[in-house]
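Numbering (this note's numbering), first residue to last: 1 to 369.
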Amino acid sequence: MRILHTSDWHLGRSFHRESLLAGQAAFVDHLVETVRAERVDVVAIAGDVYDRALPPVDAVALLDEALGRLRGAGARVVLISGNHDSALRLRFGSALFEEAGVHVRTSPDRSWEPVLVDGVAFYGIPYLEPELVRAAWELPDRSHTAAISHAMTRIRADAARHRASVVLSHCFVTGGQASDSERDISVGGVAHVPLPVFDGVDYVALGHLHGRQRMSETVRYSGSPLAYSFSEVGHVKGSWLVTLGEGAEFVPAPVPRPVGRLRGELADLLASSRYTAYEDHWLQVILTDAVRPKSAMERLRARFPHTLALSFDPVGAAPAAAPVRVSGRPEAEVALDFVREVRGEPAAPEEEDLLRQAIEASRAKETMA
């Protein structure tokens with residue numbers, strides 16, 4: 001039995017306002033090719049298929065295409081909802097999908113209802129909001145551990161009847177390394193779930209954390225197919241190709257545009273050949289100039305056209321000045337003090353003239369009103 005474990009597609013997401021749809025479509029192409037080349041039996045998608053509960057229409061169209069192509073390539077699909085998905089919307093049409101070999105699990109009470117593929121039982125535990133299942137499941141507390149422990153107890157009881165078992169779950173396992181792009185799931189109870197909760201099954205396909213991680217030989221995060229924040233610089237994106245009873249190997253995904261971080265003075269970043277390799281990257285740049293450079297973003301984009309985020313961390317800058325009196329002072333003086341504080345040097349004469357003109361124009365507009 002060969003399983004391709006993937007998760008956290010986040011269809012519909014953008015990266016600092018840059019569309020990721022083309023990169024996500026390329027990832028779908030890669031998955032379909034992998035299914036064919038590796039003769040994958042089941043594609044396990046461990047939640048956060050969409051980036052939000054009401055996804056844009058092009059994201060819905062891409063998922064529709066992806067499921068059809070994966071099934072056409074010969075694999076069954078088992079899919080659960082994550083904390084970004086609307087469970088109700090995602091399971092629309094799921095009864096019909098079931099007949100076609102696409103198995104959508106978004107209902108907590110179906111977590112221990114297996115999908116049987118050649119004698120292997122697949123169990124889908126969707127993202128569980130503890131407060132929503134606490135009363136029905138008579139949980140001792142409103143924690144993720146209590147909710148998933150209950151589901152796993154029911155799963156282990158059923159799994160004993162089958163030759164092998166695979167669990168899909170969308171949660172934060174203790175010890176996992178988070179990225180900036182994951183949504184906090186701690187509201188409503190303790191977020192972390194101890195690894196031993198998943199004991200007793202042959203493989204656990206986890207979703208939620210965006211970096212690939214091996215929690216144990218049989219419990220893994222595949223991570224997201226693309227980088228969704230600059231905290232994911234250095235991540236290798238892709239999927240786990242699992243052969244039950246033998247192990248797993250990671251299958252890297254295509255990188256439509258790499259992400260990177262640069263730090264330094266503007267003049268060096270613009271001139272040095274050390275940064276040539278970053279010219280096609282989506283970049284987060286931190287400038288360390290003691291005096292904030294003028295038109296920094298425009299100048300950076302002349303060399304690095306895909307610079308998306310810019311911040312300043314001046315090295316050797318003077319300590320922040322003590323608060324100054326604002327009340328009763330002319331607006332122009334206050335504004336010019338602000339420019340000096342932010343930039344580290346006074347406004348140029350032409351800038352000062354422009355600022356004074358803007359203040360006068362604002363006064364005139366207020367008078368006319």
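All C-beta atoms in this analysis are idealised placements derived from N, C-alpha and C, irrespective of residue type, glycine included.
query: For V315, the nearest candidate out of L287, T34 and A335 (CA to CA); result: L287
query: Endpoints, beta strand (DSSP E) assigned at A309; result: T307 to F312
query: The stretch 246-254 / the stretch 277-286 touching (three or more Cβ pairs under 8 Å); result: no
query: Three-state class that DSSP yields for Q177 in the structure shown; result: coil
query: G189 classed as buried or exposed, judged by whether at least 16 other C-beta atoms fall within 10 angstroms; result: For G189, the predicted model reports a pLDDT of 42, less than 50, meaning its position is unreliable; a value from the coordinates is still stated below. Buried: at least 16 other Cβ atoms inside 10 Å.
query: Rounded separation between S149 and S111 - CA only; result: 12 Å
query: Simplified DSSP assignment, three categories, for T218; result: coil
query: Nearest-angstrom Cβ-Cβ length linking P126 and I80, presumed shorter than 8 Å; result: 5 Å
query: For P252, the residue or residues it bridges with in DSSP; result: G238
query: R370 - DSSP class collapsed to helix/strand/coil; result: What the structure shows of the chain is the stretch from 1 to 369, and residue 370 is not part of that stretch, so it cannot be assessed.
query: Cutoff 8 Å; reference M297; Cβ partners in own chain excluding five residues on either side; result: T307 and L310
query: Three-state secondary structure (DSSP) of E65; result: helix
query: 6 Å Cβ shell around P372 - same chain, five flanking residues per side excluded; result: An answer regarding residue 372 cannot be provided, because it is not within the stretch 1 to 369 covered by the chain.
query: Beta-carbon proximity of A191 to H144, cut-off 8 Å; result: yes
query: Beta strand (DSSP E) runs wholly inside the stretch 87-149, at least 3 long, in chain order; result: 102-105, 115-117 and 120-125
query: Best match in G47, P349 and Q24 for proximity to G124 [C-alpha to C-alpha]; result: G47
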